[in-house]
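Q: When the letters of the sequence shown are read in order and numbered with UniProt numbering, they come out as residues 1 to 1130. Okay, handing you the structure first.
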Amino acid sequence: MFSEGVRLGGYYQIHDDIMPPIEEIARSLRLEREAYLSSHPGAKADPRPLIPDAPEGACLALATDFASHGHYTQLRPFAQVVESYQLAPNVYASDQIGGTLETYLSSLKAPKREQMRDDTTTDAPTRIPTPDEDTPGDDLADRLRDFEASPHRTKILTLLKASLEKGEPYTAAMASQCRDLTGLDAQPDWWPTLATHKALASKVNSQSRGVLLDAGNDSRSAALYLVSLPKDTRAGLGFEKIPRDITIDKVLAALNGETDGVPEEAMTFYQGQIFARAESILDEYDRIFKSGYSVLQPAGVLTCDEDGQGRLMALSSDGRAYQRTHNLVLLRLWEQIQAAQHLTPLPTRNINEIAEILINGKDRQGNTYPNGTRFYFPYKMLEYAFGRESNDGAQDLYPRHSDASSWDTYREREVKKSLQAMLTAVVRALLKSEADNGLTYHDPSMMTKVVGALESIGKAMTTCVLVSAYDNSPSNIPVKVKVRVLTPYEGFSENIVERAIVEALGFAGGTTAQCYDPIHDGIFWEFRHDMDKVLANASPVWAGKILDAMQRQGRKPNANNMILGIGLDDDVVTTGKEIRQFNDHTSHGIFAGSRSGKGLTTQQILAMHLIAGIAPGLGDNKPDMASLLLSINPDAFVINGSNIACNPEEGTDMFMQYTAAKVAELEARARIPEYLNKKNLAWAPGYTGTLGTIVYLRYMILALGMLAARTISPEIAEQLGGKDGICIVFDEISNTNQQIQTFFQSNMQGHMCYTNYESEWAAWEQSGFDDKKKPKQDVNEGEMWFTSMYFMMRKSFEKLSQLRNAGFNNAEAKRSRVFMIGQDPVNPVTDISQFFPAGKPLNASTKNIPIPFKEADNFIYSYASIGKTDVLIGHHPGRNYLNQLTPGSYASDKLSSTMRCFAYVPGFSGDNIHKIMNGDEAIARTATYLRPGLLFADGSEDGYCWNNSISYMKSAGVDVEAVRRDVSTDTGELDPSLGFEGYLAKAGVTREQAAATLQKLSDAANLTVRKLGYEGTWQEWVSDLRPQWIASVEDIYNVFQGYEYDPQSVTLFRRVYPEAFESEDTNSGFALAGSSGEEWDMDDLAADGEQAPAPAAPATPAKDEHAAAPIPEPPAAGPEPIATAVPTPP
């Protein structure tokens, strides 16, 4: 160990629980040295004795002739070595103590925090042992009797009382030195004050007498108490070193603020200013540090090295601070900072030393600083930015704080206390330094000095340059650089990040770059520049990691605290905090182009409601979301319209819920009267024809009818989905609306019951069906059916308008939600006559209502926006929503194809809709922007979602392997929370629980159709097109009010064609009864954008076909059993 020229060739780390007396260590080291010399003849002996660092007074007799040597070697605590060592050299020179003190190390490898001793620089009377078990036979009752009889008992209990009054960490210090007395038959009256403390008995040992501190020794009790305090707290009391003559009285005096001559009432006088200043600093920290505790950790804190060159300080995985290698962009960035700010960075993070520097203008190394120096403490900022413990004994060690999972918790429990202690130390030091001038603490000039001192420390502690993102490409070109600055001094006139990149590289990225306008708010600045805007935004932000971050913060997602994504500040955006207005709205629009994140947002919304136990329903028309929910519960309140494509390899129907066979089952289940065909109406056969469109439409009426009925009473709400509310999602409302428009417009132009038909028919009936009184035009069953649908839509709208005009203002408005998701603009129709004019004369010869629907006249949106409505607007390459397509506009770099953010706007009604849809810049600037987390429908590694995602990332230049590692479990598999079900599981919701939640709304729908008198399921009801089941929202509302089901929309139909209400037609919509496949001209069917077919000439019915008959009641029996045979398409 002790070769020639090496004084100390190794470092001994001995754990506290096996630490031998200091004399034995000295003897062992001396014997080892002598053994080395005896085995190496001719080796030169080191004449200097080895002096282990020990409390003053320890036996050092073995270190002979100490006084005769001007040089000596000393073994020192690890923390001291690291603090002076500063990461690099193998040899360091320390301070002089009666000669030159040198410690030689062959290497230095820092153990992790939990492996290190909690060494302290003490001069205590004896070595203070750390936790140990009671020795066998140790009797707690005897110890308690010793304590009660001790002459030091009163002082120890006085110290306990003072600690309890001051709170943490003083209470923890007492608890750590108190034995657990729970097992005793009787405990002393002071015991309950410490009985449940988490630090209880963490440092007691068998060498102490009594049960609290050391009842046998005043000085030892005081030393034990001080050594149990955190180092910065101990230093704040004036005990950086524990003197040999320490007593409990001296500790009490320090606790009461009497040691520095500053009276306690003086500190109380300024306490309000101190706490207020600390809060103002914390408010600024919220803006710069908070987001780093959510999903994306910062890259580091920018400062300079000893040569004044910009360096990025970061933390290694084991919590050690280090300076990143020199980087030309960061060098130039620091120059930009210094050109504007003129900062003086100092390395200390000790709050008392910071206070001394601010008051005295001098650091502990003797360096002086003039008035007006702009101090910057990057080491302290690094501590706050990464949620680390204060560790004054080792400048570069940053153990993670136990509360660092949540900024709000860490802020309150660590940062606030740290700032308050620092500001208190500043005021105390100022009062102490001015006491000699005869100024009292309440003297006006002293108050002015205190204000100035607090202003100075406030400026120093609100100076920070945080590099929140620095991503490099393989060619060492920065892909994305984002910097946040707190500065109470001059601001900036340009984007300093872009300027630094240009000065460093001579190029800012050209057409691939994106330069963002600086964000400035008070003393906060944010700068960002992307050299490659595609690559900068290609790496996903995983929804599972956002959920992790929220749960670490103790924030449980629920219906009123839904995760929507992350904001521009990289913090989690929820409806419970960041955009609380969301919870005040019943209806929510989501509008964006294809591949812009609508699906991610929809999945997030569905997941949040399932996590909250609130039943969601979904009308889809793709199908993707429908396939996902039906895979969890095939009986869920979910349908898909006529647009069906089952291609899991391309991302549609990934769970195979709409295969050809299953679509055939849907067609077989339908009950379609034979008169609903192309001869009588504009009608396309099959589920992918008109049937799927009508199913979506009837689903909408059923869902909104249930929502309306829920407002009647809490009891009915409980039956219809539960007291906590329901969620209805209408997806693909743009393309579905086009299909609904085509259906109504085509049939209104030629297949309507004309205005005077009812009066003409009544007169004919009264005449005994005299041919002379016969109506001018015949109206067949198909046209009568369509007319009934027309009036059903009118009555539904009128009922919804009634609820809307009443404010939909009961508790239901905040419990339940309706989401409407699409691409195209909407123009909510408030006057039903725009869709379905009433009383307008219709041409008797053509049965025509020429109503030209506008593209924005969206049926689904107009019906479903039942309450207050807000909106999320995303990127759309063909729509200038929020002015996103105008270069340089506020939203252009956010609602872009690369960034793919969404903008939340709380008011989406009236003229505001037109402004938002047509690019209002003012509204764009007031919106809240967020980026949805990436959540796959299927999280498997061989599935479409993962492979499609990595293909995109590869094409953008992302390091896919790094992304893969980031989302892998310990076993190397993909994190299940990438997928929808795994995400639910991470939130504590099993597949079975999700299925049960989905079932609630399906059960509610079944109850609703039974209330209407229908004996089948709701799935059968929406595809049962017989006229007796043409129910409106009003009809559904009425049956829950206790009225009989009596659909007024079909009154005329029932009167004219009573036999139509007795039929039990069941067919698929392909091969209708009485029709052959050859009759269908598939090329001539009406489709989107095509001219509707000319109406067939109606056949005049024979007189006996219209014989007078009483209006029959609905059949008592429900529908016939579903046909199981699947017809073959023509």
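Where is the CB? At the ideal position from N, CA and C, for every residue including glycine.
#1: Let's test the definition: count the other Cβ atoms within 10 Å of the Cβ of T659 and tell me whether it reaches 16, buried, or not, exposed.
#2: At what residue ranges does the segment 460-494 contain a whole run of the beta strand (DSSP E), taking only runs of 3 or more?
#3: Closest to F835 by C-alpha separation, out of N737, Q766, Y470, would be which residue?
#4: Looking at L419 and A266, is the spacing between their C-beta atoms short of 8 Å?
#5: Give a yes or no on whether the C-beta atoms belonging to L140 and L184 are separated by under 8 Å.
#6: Smallest Cα separation from D778: which of E760, A278, I614, M789?
#7: For the putative contact between A425 and I351, defined by C-beta atoms under 8 Å, what is the C-beta separation to the nearest angstrom?
#8: Using DSSP bridges, identify the partner residues of F908.
#9: Take the Cβ of V481 as the centre, count every other Cβ of all protein chains shown within 10 Å, and call the residue buried at 16 or more, exposed below.
#10: Whole angstroms are fine: how far does the CA of T409 sit from the CA of L282?
#11: What did DSSP end up calling M1 once you bin it into helix, strand or coil?
#12: Go through the segment 495-556 residue by residue and report every complete run of the beta strand (DSSP E) that reaches 3 residues or more, in order.
#13: So F730 and G565 are supposed to be a Cβ contact under 8 Å. How far apart are they, rounded?
#14: For the alpha helix (DSSP H) that I354 lies in, which residues bound it at each end?
#15: Starting from the N-terminal side, write out each stretch of the beta strand (DSSP E) that is 3 residues or longer and does not extend beyond the segment 277-333.
#16: Buried or exposed: where does V905 fall if 16 or more other Cβ atoms within 10 Å of its Cβ makes it buried?
#17: Does the segment 778-794 come within contact of the segment 736-752, defined as at least 3 CB pairs closer than 8 Å?
#18: Could you tell me which whole beta strand (DSSP E) segments of length 3 or greater appear in the segment 599-649?
#19: What three-state label does DSSP hand F968 in the structure shown?
#20: Under a three-way DSSP split, which group does Y1014 fall into?
#21: Does DSSP classify G387 as helix, strand or coil?
#22: Decide yes or no for the touch test of the segment 285-295 against the segment 353-369: beta carbon pairs closer than 8 Å, at least 3 of them.
#23: G393 by DSSP, collapsed to three states: which one?
#24: Out of curiosity, what's the CA-to-CA distance linking N256 and Y270?
#25: Got a sec, what are the start and stop residues for the beta strand (DSSP E) C178 sits in?
#26: Quick one: give me the first and last residue of the beta strand (DSSP E) that L872 is part of.
#27: Assuming S1032 contacts I639 (C-beta within less than 8 Å), just tell me the rounded distance between them.
#28: Name, in chain order, the residues that DSSP records as bridge partners for D753.
#29: Among T928, E264, A513, which has the Cα closest to the Cα of G907?
#30: In whole angstroms, what is the alpha-carbon distance linking R580 and S406?
#31: Our contact map puts K333 next to V502 with C-beta atoms below 8 Å; I'd like the distance itself, whole angstroms only.
#32: Straight-line CA distance for residue 1137 to E783?
#33: Compare the C-alpha of L1025 against each of F902, A668, E812, N880 and name the closest.
#34: Could you name the residues of the same chain whose beta carbon sits closer than 6 Å to that of E389, not counting the 5 residues immediately before and after it, in chain order?
#35: Between the C-alpha atoms of I716 and N1038, what's the straight-line distance to the nearest angstrom?
#36: Please work out which residues of its chain come closer than 8 Å, Cβ to Cβ, to V162, disregarding the five sequence neighbours upstream and downstream, and give them in chain order.
A: Inspection of the coordinates gives the following:
#1: Sequence index remark: in the sequence shown, residue 659 carries index 659 (1-based). That one is exposed.
#2: 464-472, 478-486
#3: For the purposes of this step, residue 835 is identified with residue 835 of the sequence shown, where counting begins at 1. Minimum Cα distance to F835 is reached at N737.
#4: Your numbering for residue 266 matches position 266 in the sequence shown. Your numbering for residue 419 matches position 419 in the sequence shown. Not a contact, by the Cβ cut-off of 8 Å.
#5: Taking the sequence shown and counting its residues from 1, one reaches residue 140 at position 140. Taking the sequence shown and counting its residues from 1, one reaches residue 184 at position 184. Against a cut-off of 8 Å, the Cβ pair of L184 and L140 comes out as a contact.
#6: The count along the sequence shown starts at 1 and reaches residue 778 at position 778. Among E760, A278, I614, M789, the Cα nearest to that of D778 is on E760.
#7: Locating residue 425 in the sequence shown gives position 425, where the first residue counts as 1. Locating residue 351 in the sequence shown gives position 351, where the first residue counts as 1. Indeed, because the Cβ distance is near 6 Å, the residues count as touching under 8 Å.
#8: Taking the first residue of the sequence shown as position 1, residue 908 is located at position 908. According to DSSP, F908 bridges with nothing at all.
#9: For the purposes of this step, residue 481 is taken as the residue at position 481 of the sequence shown. Buried.
#10: Numbered from 1 along the sequence shown, position 282 holds the residue referred to as residue 282. Numbered from 1 along the sequence shown, position 409 holds the residue referred to as residue 409. The straight-line gap from Cα to Cα measures roughly 12 Å.
#11: Taking the first residue of the sequence shown as position 1, residue 1 is located at position 1. Residue placement at M1 is poorly supported in this model, since its pLDDT is 32, which falls under 50; the coordinates still yield a value, given next. If DSSP states are grouped into helix, strand and coil, M1 belongs with coil.
#12: 519-521, 524-530
#13: Counted from its first residue, the sequence shown places residue 730 at position 730. Counted from its first residue, the sequence shown places residue 565 at position 565. So it is not a contact: roughly 21 Å between Cβ atoms.
#14: Here residue 354 refers to the residue found at position 354 of the sequence shown. Segment 351-360, the alpha helix (DSSP H) holding I354.
#15: 300-304, 310-315, 321-323
#16: Working through the sequence shown from its first residue, we reach residue 905 at position 905. Per the 10 Å Cβ criterion, buried.
#17: yes
#18: 615-620, 638-640
#19: Translated into the one-based positions of the sequence shown, residue 968 becomes position 968. Looking at the sequence shown, residue 968 is not Phe but Ser. S968 falls in the strand class under three-state DSSP.
#20: As a first step, residue 1014 must be located in the sequence shown, where it is residue number 1014. In the structure shown, Y1014 sits in coil (DSSP, three-state: anything other than H, G, I, E or B).
#21: Here residue 387 is taken as the residue at index 387 of the sequence shown, counted from 1. If DSSP states are grouped into helix, strand and coil, G387 belongs with coil.
#22: no
#23: Sequence index remark: in the sequence shown, residue 393 carries index 393 (1-based). Unreliable positioning characterises G393 in this predicted model, as indicated by a pLDDT of 48, which lies under 50. The coordinate reading is nonetheless provided below. In the structure shown, G393 sits in coil (DSSP, three-state: anything other than H, G, I, E or B).
#24: Counting from one through the sequence shown, the residue named residue 256 turns up at place 256. Counting from one through the sequence shown, the residue named residue 270 turns up at place 270. Cα-Cα distance, rounded: 16 Å.
#25: Here the question's residue 178 lines up with position 178 in the sequence shown. Element bounds for C178: n/a, residue is neither H nor E.
#26: The residue given as residue 872 occupies position 872 in the sequence shown. Its beta strand (DSSP E) spans residues 869-873.
#27: Translated into positions along the sequence shown, residue 1032 becomes position 1032. Translated into positions along the sequence shown, residue 639 becomes position 639. Incorrect: roughly 19 Å between the Cβ atoms, too far for contact.
#28: In the sequence shown, counting from the first residue as 1, residue 753 sits at position 753. It is worth fixing the name first, because residue 753 is Cys in this sequence and not Asp. Answer is none; C753 lacks a bridge partner.
#29: Locating residue 907 in the sequence shown gives position 907, where the first residue counts as 1. If we check each option's Cα against that of G907, T928 comes out closest.
#30: Walking along the sequence shown from the start, residue 580 turns up at place 580. Walking along the sequence shown from the start, residue 406 turns up at place 406. Those two C-alpha atoms are separated by around 20 Å.
#31: Mapped onto the sequence shown, residue 333 falls at position 333. Mapped onto the sequence shown, residue 502 falls at position 502. Checking the displayed sequence, the identity of residue 333 turns out to be Leu instead of Lys. Not really, about 11 Å apart at Cβ, beyond 8 Å.
#32: Since the first and last residues shown for the chain are 1 and 1130, residue 1137 lies out of range.
#33: As a first step, residue 1025 must be located in the sequence shown, where it is residue number 1025. Ranking the options by Cα distance to L1025, first place goes to A668.
#34: Mapped onto the sequence shown, residue 389 falls at position 389. So the list reads P399, H401, once near-sequence residues are dropped.
#35: Taking the first residue of the sequence shown as 1, we reach residue 716 at position 716. Taking the first residue of the sequence shown as 1, we reach residue 1038 at position 1038. Cα to Cα, the separation comes out at about 12 Å.
#36: The sequence position of residue 162 within the sequence shown is 162, counting from 1. Checking the sequence shown, residue 162 turns out to be Ala, not Val. Result list for A162: Y170, L252, L255, N256, in chain order.
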